[in-house]
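Below: the structure, in structure tokens.
There are 2 protein chains.
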Amino acid sequence: MDLAEQYRAYIACLNAREWDALGHYVDDRAQHNGKPLGLVGYRAMLENDVRTIPDLRFNIEVLVAEPPHVAARLRFDCSPRGEFLGLQTHGERITFCENVFYTFANGKIVQVWSIIDKAAVEAALGR
Amino acid sequence: MDLAEQYRAYIACLNAREWDALGHYVDDRAQHNGKPLGLVGYRAMLENDVRTIPDLRFNIEVLVAEPPHVAARLRFDCSPRGEFLGLQTHGERITFCENVFYTFANGKIVQVWSIIDKAAVEAALGR
Numbered sequence: 005m006d007l008a009e010q011y012r013a014y015i016a017c018l019n020a021r022e023w024d025a026l027g028h029y030v031d032d033r034a035q036h037n038g039k040p041l042g043l044v045g046y047r048a049m050l051e052n053d054v055r056t057i058p059d060l061r062f063n064i065e066v067l068v069a070e071p072p073h074v075a076a077r078l079r080f081d082c083s084p085r086g087e088f089l090g091l092q093t094h095g096e097r098i099t100f101c102e103n104v105f106y107t108f109a110n111g112k113i114v115q116v117w118s119i120i121d122k123a124a125v126e127a128a129l130g131r
Numbered sequence: 005m006d007l008a009e010q011y012r013a014y015i016a017c018l019n020a021r022e023w024d025a026l027g028h029y030v031d032d033r034a035q036h037n038g039k040p041l042g043l044v045g046y047r048a049m050l051e052n053d054v055r056t057i058p059d060l061r062f063n064i065e066v067l068v069a070e071p072p073h074v075a076a077r078l079r080f081d082c083s084p085r086g087e088f089l090g091l092q093t094h095g096e097r098i099t100f101c102e103n104v105f106y107t108f109a110n111g112k113i114v115q116v117w118s119i120i121d122k123a124a125v126e127a128a129l130g131r
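Protein chains in written order, with the working numbering: chain A, 5 to 131; chain B, 5 to 131.
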């Protein structure tokens, strides 16, 4: 399987909010930043993200694939409402990036190590 | 040229503080997070990092190479003294990661997009 292609399909799935299809891309044993979320917890995390950020859209800026890993730099241009990264937000439109590493097994994400640019978010919010 | 091998040699150069060899790995046009540092500015940035964090050591946790890109998740276990990421530090030993993307041209780094896990640093410092 072409991991880059599979990853792009995963991102399209997120942007379409097709949560019922998430199991095509995320494994039942998926971990996120060391937390054993599983598919159910992973979906709950994404649904919560979209509740806080209704206009959340994942834009791939850099994609590096070397099996079993995919690394992506994602760019967001969105308007969080409520608590985001421990900061109170009120619908301000902000731009920031996430640098994230995925490990795949049998074409599905089993591990994620994500860092969001909190300093950029703070700067955008004027903190 | 094997980019993963070249990248490992770059990291060994940093850990050995062999600043005079930096030009083997970093291009004269190098940019870091959008700033046009060049080799001179890049070296100054690293020398400043090491002044603030004398025990700084770069540990590669994940390495993903697909020309012209290398992506790395780096882990640090070190003791900053002074201002670090806008936070005052006093030699506390902390552990945190950096997720970073490099673009290479002719075997040298021309662009870097780095995000350090500031939330982890804040948590480690008890902020």
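From the three backbone atoms N, C-alpha and C, an ideal C-beta is built for every residue, glycine too.
**Request:** Within the same chain, show all residues whose beta-carbon is closer than 6 angstroms to that of C82 (chain A), passing over the 5 residues directly before and after it, in chain order.
**Result:** Within the same chain, C82 (chain A) has close Cβ partners I57, D59, L60.
**Prompt:** So is N110 (chain A) in contact with chain B if we call contact Cβ pairs under 7 angstroms?
**Reply:** Using a CB distance cut-off of 7 angstroms, N110 (chain A) does not count as an interface residue toward chain B.
**Interface flag, K39 (chain B) vs chain A, CB-CB below 7 angstroms** = For K39 (chain B), not one C-beta of chain A is nearer than 7 angstroms to its own C-beta.
**Asked** Around the C-beta of I64 (chain A), are 16 or more other C-beta atoms found within 10 angstroms, so that it is buried, or is it exposed?
**Response** By the neighbour-count definition (other C-beta atoms within 10 Å, threshold 16), I64 (chain A) is an exposed residue.
**Request:** Could you pull out every residue in the same chain whose Cβ sits closer than 7 angstroms to the Cβ of L141 (chain B), ignoring the five residues on either side in sequence?
**Result:** There is simply no residue 141 (chain B) to check, as chain B begins at 5 and stops at 131 in what is shown.
**Request:** Keeping to the same chain, check which residues put their C-beta closer than 6 angstroms to that of P128 (chain B); ignore five residues upstream and five downstream.
**Result:** The identity of residue 128 (chain B) in the sequence shown is Ala, whereas the question assumes Pro. Exclusion of the five residues before and after A128 (chain B) leaves I98 as the residues of its chain whose Cβ lies within less than 6 angstroms of its Cβ.
**Proximal chain B residues relative to D121 (chain A), where beta-carbon distance stays under 7 angstroms** = I119, listed in chain order.
**Asked** Would D31 (chain A) be called buried (16 or more neighbouring beta carbons within 10 Å of its own) or exposed?
**Response** With 16 or more neighbouring CB atoms inside 10 Å of its own CB, D31 (chain A) falls in the buried class.
**Message:** Check for me: the beta strand (DSSP E) holding L78 (chain A) runs from which residue to which?
**Reply:** Counting along the chain, the beta strand (DSSP E) containing L78 (chain A) begins and ends at 73-82.
**Prompt:** Looking at the unbroken alpha helix (DSSP H) that takes in E9 (chain B), where does it start and where does it end?
**Reply:** Taken as a continuous stretch (DSSP letters only), the alpha helix (DSSP H) holding E9 (chain B) covers 7-19.
**Contact set between the region 63-82 of chain B and chain A, restricted to residues whose Cβ is under 9 angstroms from the partner** = From the region 63-82 of chain B, only E65, V66, L67, V68, A69, E70, H73, V74, A75, A76, R77 have a Cβ closer than 9 angstroms to chain A.
**Request:** Could you name the residues of the same chain whose beta carbon sits closer than 6 angstroms to that of P36 (chain B), not counting the 5 residues immediately before and after it, in chain order?
**Result:** First, the amino acid is wrong: residue 36 (chain B) is His here, not Pro. Answer for H36 (chain B): V116, listed in chain order.
**Item:** Range covered by the beta strand (DSSP E) that runs through N103 (chain A)
**Value:** Here the beta strand (DSSP E) through N103 (chain A) covers 98-109.
**Asked** In chain A, which residues lie less than 8 angstroms from V116 (chain B) when you measure between Cβ atoms?
**Response** What V116 (chain B) touches in chain A: nothing, since even the nearest Cβ is about 11 angstroms away.
**Request:** Using a Cβ cut-off of 7 angstroms (strictly closer), state whether R105 (chain B) contacts chain A.
**Result:** Contrary to the premise, residue 105 (chain B) reads as Phe rather than Arg in this sequence. With its beta carbon less than 7 angstroms from one in chain A, F105 (chain B) belongs to the interface.
**Item:** Among A:V114, A:G38, A:R47, A:C17, the one whose alpha carbon lies nearest that of F62 (chain A)
**Value:** Among A:V114, A:G38, A:R47, A:C17, the Cα nearest to that of F62 (chain A) belongs to A:C17.
**Prompt:** For V44 (chain B), does the count of other Cβ atoms within 10 angstroms reach 16, so buried, or fall short, so exposed?
**Reply:** With a threshold of 16 other beta carbon atoms within 10 Å, V44 (chain B) falls short and is exposed.
**Prompt:** Nearest to E51 (chain B) by alpha carbon, out of B:D24, B:K39, B:L67, B:R77?
**Reply:** E51 (chain B) has its Cα closest to that of B:D24, out of B:D24, B:K39, B:L67, B:R77.
**Limits of the unbroken beta strand (DSSP E) element including G86 (chain B)** = Per DSSP, G86 (chain B) belongs to the beta strand (DSSP E) from 85-88.
**Message:** Taking the alpha-carbon of L28 (chain A) as reference, which of A:P40, A:K39, A:G38, A:I15 has the nearest alpha-carbon?
**Reply:** Here residue 28 (chain A) is His; the residue named in the question, Leu, does not match the sequence. Selected option, being the one with the closest Cα: A:I15.
**Prompt:** In the region 82-97 of chain A, which residues sit with their C-beta less than 9 angstroms from some C-beta in chain D, listed in chain order?
**Reply:** Absent here is chain D; the protein component of the structure consists of chains A and B.
**Prompt:** Near Q10 (chain A), what residues of its chain come up, given a Cβ to Cβ distance below 6 angstroms and the 5 sequence neighbours on each side ignored?
**Reply:** Excluding sequence neighbours, Q10 (chain A) sits near G111.
**Prompt:** Where does R131 (chain B) fall in DSSP's three states?
**Reply:** Three-state result, R131 (chain B): coil.
**Prompt:** Would DSSP call D31 (chain B) helix, strand or coil?
**Reply:** Shown here, D31 (chain B) sits in a strand according to DSSP, grouped into three states.
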